[in-house]
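Residues 9 to 471 (our numbering) make up the sequence shown, in order. Where a beta carbon is used, it is the ideal one built from N, C-alpha and C, also for glycine. I have placed the structure first, in the form of structure tokens, so that the comments after it can refer back to it.
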Amino acid sequence: MGHEPAEDSKVSSLESSGFATADRTGRNAVTEEGEKFDAIVVGAGPAGSAAAYVMAQSGMEVVLVERGDYPGAKNVWGGVLFREATASVFPEFWEDAPLERPVVDQRLWMLGEDSVVQAGFKTERFGKPPYNAFTALRGKLDSYFAKKAEDAGAYLLTETQVTELIFDRGKAVGVRTSRDDGDLYADVILMAEGVNCFAAVKSGLRADYRMENAALAVKEIISLPEQTINDRFNVPGDQGVTLLCIGEFGRGTMGSGFIYTNKDTLSVGFGAIVQHLSDTQVQPNDLLEEMKRHPAVQVLLNGGETKEYSAHLIPEMRFESLPRPYGAGYMLLGDTAGLVNFMFQEGANLAIMSGKFAGETAVEAKKRGDFSADSLSMYQRKLENSFVLKDLKSLRKMPGFFRSHRQFFGTYPRMLNRIAQEALTVDDQPKMSKGRDLLRVAREERGLSGLARDVLDGLRSLR
Ligand SMILES: Cc1cc2nc3c(=O)[nH]c(=O)nc-3n(C[C@H](O)[C@H](O)[C@H](O)COP(=O)(O)OP(=O)(O)OC[C@H]3O[C@@H](n4cnc5c(N)ncnc54)[C@H](O)[C@@H]3O)c2cc1C
Numbered sequence: 009m010g011h012e013p014a015e016d017s018k019v020s021s022l023e024s025s026g027f028a029t030a031d032r033t034g035r036n037a038v039t040e041e042g043e044k045f046d047a048i049v050v051g052a053g054p055a056g057s058a059a060a061y062v063m064a065q066s067g068m069e070v071v072l073v074e075r076g077d078y079p080g081a082k083n084v085w086g087g088v089l090f091r092e093a094t095a096s097v098f099p100e101f102w103e104d105a106p107l108e109r110p111v112v113d114q115r116l117w118m119l120g121e122d123s124v125v126q127a128g129f130k131t132e133r134f135g136k137p138p139y140n141a142f143t144a145l146r147g148k149l150d151s152y153f154a155k156k157a158e159d160a161g162a163y164l165l166t167e168t169q170v171t172e173l174i175f176d177r178g179k180a181v182g183v184r185t186s187r188d189d190g191d192l193y194a195d196v197i198l199m200a201e202g203v204n205c206f207a208a209v210k211s212g213l214r215a216d217y218r219m220e221n222a223a224l225a226v227k228e229i230i231s232l233p234e235q236t237i238n239d240r241f242n243v244p245g246d247q248g249v250t251l252l253c254i255g256e257f258g259r260g261t262m263g264s265g266f267i268y269t270n271k272d273t274l275s276v277g278f279g280a281i282v283q284h285l286s287d288t289q290v291q292p293n294d295l296l297e298e299m300k301r302h303p304a305v306q307v308l309l310n311g312g313e314t315k316e317y318s319a320h321l322i323p324e325m326r327f328e329s330l331p332r333p334y335g336a337g338y339m340l341l342g343d344t345a346g347l348v349n350f351m352f353q354e355g356a357n358l359a360i361m362s363g364k365f366a367g368e369t370a371v372e373a374k375k376r377g378d379f380s381a382d383s384l385s386m387y388q389r390k391l392e393n394s395f396v397l398k399d400l401k402s403l404r405k406m407p408g409f410f411r412s413h414r415q416f417f418g419t420y421p422r423m424l425n426r427i428a429q430e431a432l433t434v435d436d437q438p439k440m441s442k443g444r445d446l447l448r449v450a451r452e453e454r455g456l457s458g459l460a461r462d463v464l465d466g467l468r469s470l471r
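Dropping the structure here:
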């Protein structure tokens, strides 16, 4: 069993009647003494659904447990879905996935008080198959991935929260859930709870996130007519734009704002390290409002109606403090394993890769009939041999560098705006004296030795 598509009636009967329910082979699916699944996946986000899909496709009997009413109901992101990692699990997903726009134009805005210095890259190539990245909304996207897992044969169990793991002689053998009589058993448990990984923490699989290793982001979905978005962002309806904003509005936090174009909405948000928000006594929603009031941003949002407002944590762990992602009978996936590349705003692609690797590891472990920690350590090796841990390792000093050099988020954007303003104002001042003025601005803002130190420190952080 587990190969052919799951029937809707099967899923709904599992959901509505507890777990001791007949599956399509006629036997009890879960809680009867001695019966268990091959694998339980906790959380139907990108990591969990990818893992469930990979295992179900290989014929494993998988239950995918989700606390929300439906996959994606509780999930928040920016969000940009990167094609390569996603396609490695769901080939050519862009043919039928609920995507918003392919991203062809990536812009960085350094905001001054009432001006902006811009950088960016645009290519039509990213607007054609196989694409590079897409904007997407989590409610629809997570449901799509979970449906793929269901179609491959996994059982999706919604409105069910896993509260902790069940251990037998040191090995994870099942999960306790919020339902009455709600214990589920399996050979292997894949924890893909996201950043709020209460069950993993309660079961001692990892330490909880703290203020210094998490960022807090707030996000709005603002609706605007499609044509207005096309006109304001200068793209046709089948192309999308991402806009990253840094500047003094971040009030000295290591934080940035974003505006992403969806079909007929904009995703607009701001996130910063929780510790910095606490130190500077600012709320991310106030900083987002300040960003939205900037004249260059305001013209993009004018007349828009806020449809949704949400807040969510983002892991920002040091490489050295990442938890060991496996143990006897369990693996940690995605945000639960701290797999986020904060510098490059990548999370869902790492989550999907971790789901793929954990799923493949479980399939191999099943073949060997060995779900010990030693057997599941293959998962760690797969992560290490891929861009997931290679990137996090090679960039491990960057988050620390930016934390201690927060001038990159406030002082430098202001300095560049002042320099641009002076340099581009055509007046009666001779050009050579203007050059001296520009040096004066740099000295006033950061000092030439400060500038040189920042460049050297930045280069050192890449070693
Ligand atoms: C504001 C913001 C912007 C972001 N922008 C981007 C972006 O543009 N691109 C990008 O790649 N990444 C982005 N990320 C990061 C990305 O969203 C995450 O890295 C990614 O969603 C992690 O996937 P996951 O499957 O590990 O966890 P999640 O997506 O958090 O999914 C976890 C799932 O588990 C469920 N769950 C949790 N606990 C339990 C439990 N005990 N029992 C049952 N179910 C449970 C949850 O309801 C949820 O469905 C952003 C994040 C935020 C907050």
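**Asked** Any heavy atom of ligand 1 within a distance shorter than 7 Å of the CB on residue 202?
**Response** Between ligand 1 and the CB of residue 202, the shortest heavy atom gap is smaller than 7 Å.
**Asked** Looking at the unbroken beta strand (DSSP E) that takes in residue 224, where does it start and where does it end?
**Response** Segment 222 to 231, the beta strand (DSSP E) holding residue 224.
**Message:** If contact is defined by three or more beta carbon pairs under 8 Å, each pair taking one atom from either stretch, is the region 63 to 77 in contact with the region 162 to 170?
**Reply:** Flag = yes, the region 162 to 170 and the region 63 to 77 touch.
**Request:** Express the C-alpha separation of residue 437 and residue 402 in angstroms, rounding to a whole number.
**Result:** Distance between the alpha carbons of residue 402 and residue 437: 47 Å.
**Asked** On the three-pair Cβ rule with 8 Å, is the region 444 to 452 touching the region 279 to 293?
**Response** Too few Cβ pairs lie closer than 8 Å, so no.
**Prompt:** Does DSSP put residue 53 in a helix, a strand or coil?
**Reply:** The answer is coil: DSSP assigns residue 53 none of H, G, I, E or B.
**Asked** Quick one: what does DSSP say residue 34 is sitting in, helix, strand or coil?
**Response** With a pLDDT of only 30 at residue 34, under 50, the local geometry of the prediction cannot be trusted, and the value read off the model is given with reservation. Looking at residue 34 - three-state DSSP - the assignment turns out to be coil, as it is neither helix nor strand.
**Request:** Look at the alpha carbon of residue 155 and the alpha carbon of residue 161, and state the distance between them as a whole number of angstroms.
**Result:** C-alpha of residue 155 to C-alpha of residue 161: approximately 10 Å in a straight line.
**Asked** Terminal residues of the continuous beta strand (DSSP E) containing residue 318?
**Response** Residues 313 to 323.
**Message:** Quick check: what's the CA-CA separation for residue 361 versus residue 318?
**Reply:** Here the alpha carbons of residue 318 and residue 361 stand approximately 26 Å from one another.
**Message:** Closest to residue 358 by C-alpha separation, out of 48, 91, 329, 292, would be which residue?
**Reply:** Comparing alpha-carbon positions, the option among 48, 91, 329, 292 lying closest to residue 358 turns out to be 91.
**Message:** Let's test the definition: count the other Cβ atoms within 10 Å of the Cβ of residue 473 and tell me whether it reaches 16, buried, or not, exposed.
**Reply:** Here the chain comprises residues numbered 9 to 471, so residue 473 is not present and cannot be evaluated.
**Prompt:** Any chance the CB of residue 322 is under 7 Å from a heavy atom of ligand 1?
**Reply:** At a threshold of 7 Å, residue 322 counts as near ligand 1, since its beta carbon sits closer than that to one of the ligand's heavy atoms.
**Request:** Provide the residue(s) that pair with residue 85 in DSSP beta bridges, ordered along the chain.
**Result:** In the DSSP output, where bridge partners are listed per residue, residue 85 has none listed.
**Message:** Whole angstroms are fine: how far does the CA of residue 153 sit from the CA of residue 58?
**Reply:** Using only the alpha carbons, I get a separation of about 7 Å.
**Prompt:** Is it the case that the CB of residue 364 approaches a heavy atom of ligand 1 more closely than 7 Å?
**Reply:** No, the Cβ of residue 364 stays beyond 7 Å of every heavy atom of ligand 1.
**Asked** Hey, residue 103 and residue 228 are a contact pair by Cβ (cut 8 Å); roughly how many whole angstroms apart?
**Response** The Cβ separation is near 30 Å, so there is no contact.
**Item:** Distance, residue 423 Cα to residue 454 Cα
**Value:** Distance from the CA atom of residue 454 to the CA atom of residue 423, rounded to whole angstroms, is 8 Å.
**Request:** Would you decide whether residue 150 is buried or exposed? Buried here means 16 or more other CB atoms lie within 10 Å of its CB.
**Result:** With 16 or more Cβ atoms within 10 Å of its Cβ, residue 150 is classed as buried.
**Item:** Start-end ranges of the alpha helix (DSSP H) lying completely within the region 129 to 153, minimum 4 residues
**Value:** For the region 129 to 153, not one full-length alpha helix (DSSP H) segment reaches 4 residues or more.
**Item:** Where residue 144 falls, given that 16 or more other Cβ within 10 Å makes a residue buried
**Value:** Burial check for residue 144: the Cβ neighbour count within 10 Å reaches 16 or more, so the residue is buried.
**Item:** residue 240 versus residue 46: straight-line alpha-carbon distance, rounded
**Value:** Approximately 51 Å, taken between the alpha carbons.
**Prompt:** Is it right to say residue 434 is buried, meaning 16 or more other beta carbons lie within 10 angstroms of its own, or is it exposed?
**Reply:** Exposed, by the Cβ-count rule.
**Asked** In three-state terms, what does DSSP make of residue 238?
**Response** Correct three-state label for residue 238: helix.
**Asked** Which one or two residues does DSSP pair with residue 163 in a beta bridge?
**Response** Looking at the DSSP assignment, residue 163 forms a beta bridge with 71.
**Prompt:** For residue 71, which option in 115, 137, 170 has the closest C-alpha, if you only look at C-alpha atoms?
**Reply:** Of the candidates 115, 137, 170, the residue whose Cα lies closest to the Cα of residue 71 is 170.
**Asked** Counting along the chain, where does the alpha helix (DSSP H) carrying residue 308 start and finish?
**Response** Note, residue 308: alpha helix (DSSP H), 303 to 309.
**Request:** Report all residues from its chain with a CB closer than 8 Å to the CB of residue 462; omit the five preceding and five following residues, and keep chain order.
**Result:** Closer than 8 Å at Cβ, skipping near neighbours: 413, 415, 416, 454.
**Prompt:** So the beta strand (DSSP E) residue 415 belongs to, where does it begin and stop?
**Reply:** Secondary structure note for residue 415: it is in no beta strand (DSSP E), with a DSSP letter that is neither H nor E.
**Item:** Run of the alpha helix (DSSP H) containing residue 365, from where it starts to where it stops
**Value:** Segment 356 to 376, the alpha helix (DSSP H) holding residue 365.
**Message:** Can you check which of these residues, 392, 148, 175, 186, is closest to residue 336 by C-alpha distance?
**Reply:** Ranking 392, 148, 175, 186 by Cα distance to residue 336 puts 175 first.
**Message:** To the nearest angstrom, how far is the alpha carbon of residue 345 from that of residue 109?
**Reply:** Distance between the alpha carbons of residue 345 and residue 109 is about 29 Å.
**Asked** Just curious, the alpha helix (DSSP H) that residue 464 is in, first and last residue?
**Response** 456 to 469 is the extent of the alpha helix (DSSP H) around residue 464.
**Prompt:** In terms of alpha-carbon separation, which member of 182, 83, 115, 212 lies closest to residue 148?
**Reply:** The candidate whose alpha carbon is nearest that of residue 148 is 83.
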